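As structure tokens, the structure follows; a few thoughts come after it.
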Amino acid sequence: MAERMIKQFMEMVQIDSESGNEAQFIDYLLAEFKKLGADASKDAYGNLLAKFPVKNSANKEAILLSCHADTVKPGQGIQPKMEKGVIRSSGETILGADDKAGIAEMLEALRQAEVRPPVEVAISRQEEVGLLGVKNLDFSFLHAKRGFLLDNDTLDTIVIGGPSYFAIDVEVKGRSAHAGMDPEKGINAIVAAARAIAALRLGRLDHETTANVGVINGGIIRNGVPAAASFLAECRSLQHAKAQALADEMERIIKREVAAVGASVVIKTDNLCQAVQISPDAWTVKTAQKALETIGIQAKTTFITGYTDASIYNNHGIEMAVVGIGARDEHSTEEHIHVADMEKALAMLIEILRLSAV
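Under the numbering used here, the first residue of the sequence shown carries the number 374, and numbering increases by one thereafter.
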């Protein structure tokens with residue numbers, strides 16, 4: 374029943390699970406999946422893995438359903454409230470619908486579906502900080518060759534492609550000095566970092582490419598020339614070669630601008646995922662579209678420059694389409710979800726299970 378799903382969702386978002394702190398929530402889910410009759414366990418990295426047997430079907434080909442357990446910050450002490458069919462946080466936190474709405478919808482679909490093929494489930498850790506959970510997932514547990522990631526916001530789109538993503542960590546070294554007595558003896562690391570950031574091409578560079586600086590730190594006292602500063606940057610593109618070229622460009626600019634003021638720099642660049650896409654005519658896409666048609670939604674395929682676990686699954690040879698869960702304004706304190714959208718997502722999943730069992 375939808376009421377049971379909503380009640381469980383509101384219960385789940387109250388369990389803290391910011392990235393890296395998902396253990397309690399994973400244990401909660403482990404117990405829930407076992408209650409539903411799954412063979413469930415955690416792998417060495419702490420991801421949850423579960424298997425459900427076939428139900429009222431002769432189809433022996435398993436499908437994979439996947440979500441992530443972690444949330445972004447601020448995600449501690451979430452207190453959900455529902456007003457006029459909309460669930461929000463009642464405090465200065467996110468809601469956690471990304472991705473706990475997907476998990477609640479998945480659990481309820483598995484309870485209600487009268488027909489389903491064998492189902493494998495993977496709930497990853499640390500998705501929000503670089504897909505770390507799925508990168509360390511025990512893929513030997515999985516035999517499904519296709520499946521659905523429940524981590525898109527809108528129900529009328531199906532994500533079939535994601536970007537190459539580069540995380541760029543920068544540490545600038547200057548030289549300390551007294552800011553009032555001997556400023557000329559110092560090399561201001563904050564100035565060097567700021568100069569480098571100002572020279573970067575940031576924001577939306579084209580329809581498939583973005584770059585950003587999201588964090589900067591430096592200095593310890595007001596009246597001292599700071600000897601150290603750091604910042605965290607990123608770039609991404611739906612074309613791997615374009616993302617690689619942009620990451621290289623950013624490194625060159627940072628080194629040039631930092632050196633111009635006499636400072637030094639250490640740059641660590643990590644390619645966290647590689648661009649991948651599946652066909653708009655892929656079985657998973659067509660199945661999701663058929664399921665959505667039953668609730669009056671004509672879903673279109675799309676590409677996103679936000680990354681998801683689907684990139685890693687597809688790179689591992691598991692065809693994964695990303696379907697909607699109904700969340701809105703994710704990654705902000707304005708995050709919310711309509712009960713009606715959760716009910717539609719539930720109906721979609723039940724129909725996906727039925728269609729997959731044929």
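Idealized CB from N, CA, C, for every residue including glycine. Values in this document were obtained by computation on a predicted structure and should not be read as measured data.
Unbroken stretches of the alpha helix (DSSP H), 4 residues or longer, contained in the stretch 432 to 471
Within the stretch 432 to 471, not a single complete alpha helix (DSSP H) segment reaches 4 residues in length.
Give the secondary structure of LYS424 by DSSP, where H, G and I count as helix, E and B as strand, and everything else as coil.
Reduced to three states, the DSSP call for LYS424 is strand.
Straight-line Cα distance separating ALA600 from LYS641:
C-alpha separation (whole angstroms): 19 Å.
Does the count of Cβ pairs from the stretch 534 to 544 and the stretch 646 to 654 closer than 8 Å reach three?
Taking one beta carbon from each stretch, the stretch 534 to 544 and the stretch 646 to 654 have 3 or more pairs nearer than 8 Å; the two touch.
Among GLY587, ILE626, LYS663 and LYS717, the one whose alpha carbon lies nearest that of LEU528:
Among GLY587, ILE626, LYS663 and LYS717, the Cα nearest to that of LEU528 belongs to LYS717.
Taking a contact to mean a Cβ-Cβ separation below 8 Å, would you say GLU703 touches ALA413 in this structure?
No, the Cβ-Cβ distance between GLU703 and ALA413 is not below 8 Å.
Residues in its own chain within less than 6 Å of GLU544 by CB, not counting five upstream and five downstream?
Cβ-Cβ distances below 6 Å link GLU544 to SER603 and VAL639 in the same chain, with the five nearest sequence neighbours on each side left out; the list follows chain order.
Roughly how many whole angstroms lie between the Cα atoms of ASN585 and ILE541?
If I take the Cα positions, the gap works out to 10 Å.
To the nearest angstrom, report how far apart VAL488 and ILE460 are at their CA atoms.
Cα to Cα, the separation comes out at about 30 Å.
From HIS709, ALA713 and LEU719, residue whose alpha carbon lies closest to that of GLN452:
Comparing C-alpha distances from GLN452 to each of HIS709, ALA713 and LEU719 shows the shortest one belongs to HIS709.
Spatial neighbours of ASN432 in its chain, beta-carbon cut-off 6 Å, leaving aside the 5 residues before and after
Excluding sequence neighbours, ASN432 sits near PRO490 and ALA730.
Environment of VAL588 [buried if 16+ CB atoms lie within 10 Å]:
Exposed.
8 Å contact criterion, which ILE399 and LYS415 should meet: CB distance rounded:
So it is a contact: roughly 6 Å between Cβ atoms.
Helix, strand or coil: how does DSSP classify LEU726 here?
Under the three-state reduction of DSSP, LEU726 is assigned to helix.
Should THR667 be labelled buried (16 or more other beta-carbon atoms within 10 Å of its own) or exposed?
Only exposed fits THR667, as fewer than 16 other CB atoms lie within 10 angstroms of its CB.
Going by beta-carbon coordinates alone, are ASP682 and HIS441 separated by less than 8 Å?
In this structure, HIS441 lies closer than 8 Å to ASP682 by Cβ.
Identity of the residue in THR674, VAL634, PHE676 and THR657 nearest LEU722 by Cα:
Among THR674, VAL634, PHE676 and THR657, the Cα nearest to that of LEU722 is on THR657.
Please report how far the alpha carbon of SER705 lies from the alpha carbon of PRO447, in whole angstroms.
Distance from the CA of SER705 to the CA of PRO447, rounded to the nearest whole angstrom, comes to 8 Å.
Would MET715 pass as a contact of LEU522 if the rule is Cβ separation under 8 Å?
Between MET715 and LEU522, the CB-CB gap reaches or exceeds 8 Å.
Residue range of the beta strand (DSSP E) that includes SER537
First-last of the beta strand (DSSP E) with SER537: 537 to 546.
Identify which residue in LEU619, ILE563, ALA620 and MET623 has its Cα closest to the Cα of ARG595.
Proximity to ARG595 across LEU619, ILE563, ALA620 and MET623 peaks at ILE563, based on C-alpha coordinates.
Assuming the contact rule is C-beta atoms closer than 8 Å, ALA620 and ILE531 should be a hit. Round their C-beta distance to whole Å, please.
The Cβ separation is near 29 Å, so there is no contact.
Cut-off 7 Å between Cβ atoms - residues of its own chain near ILE725, not counting five sequence neighbours on either side:
So the list reads PHE521, THR660, ALA661 and ALA664, once near-sequence residues are dropped.
How many Å lie between SER513 and ILE496 at the Cα?
Cα to Cα, the separation comes out at about 15 Å.
Fully enclosed by the stretch 577 to 603, which beta strand (DSSP E) runs are 3 residues long or longer?
Correct list: 582 to 591.
When DSSP labels each residue in this structure, what does ASN509 get in the three-state scheme?
Residue state, collapsed to three classes: coil.
Within its chain, find whatever has a CB closer than 6 Å to the CB of ASN420; leave out the 5 residues flanking it on each side and keep chain order.
Within the same chain, ASN420 has close Cβ partners SER497, ARG498, GLY506 and LEU510.
For VAL502, three-class secondary structure by DSSP
Of the three classes helix, strand and coil, the one that applies to VAL502 here is coil, per DSSP.
For ASP412, which residues does DSSP report across the bridge?
Answer is LYS424, bridged to ASP412.
On the DSSP bridge list, what partners appear for LEU522?
Answer is SER439 and VAL695.
Could you please give the first and the last residue of the uninterrupted beta strand (DSSP E) stretch that includes ASN644?
DSSP places ASN644 inside the beta strand (DSSP E), whose first and last residues are 637 to 646.
May I ask you to verify whether the stretch 378 to 388 touches the stretch 396 to 411, counting CB pairs closer than 8 Å and requiring at least 3?
With a cut-off of 8 Å, the stretch 396 to 411 and the stretch 378 to 388 count as touching, because enough Cβ pairs lie within range.
Who are LYS673's beta bridge partners in DSSP?
Its beta-bridge partners are THR530.
Using DSSP bridges, identify the partner residues of ARG629.
None; ARG629 has no bridge partner.
From the DSSP output, in three-state form, read off VAL712 for me.
If DSSP states are grouped into helix, strand and coil, VAL712 belongs with the helices.
Straight-line gap, ASN687 to ARG727 (C-alpha atoms, nearest Å)
Distance between ASN687 and ARG727, taken at the CA atoms: about 23 Å.
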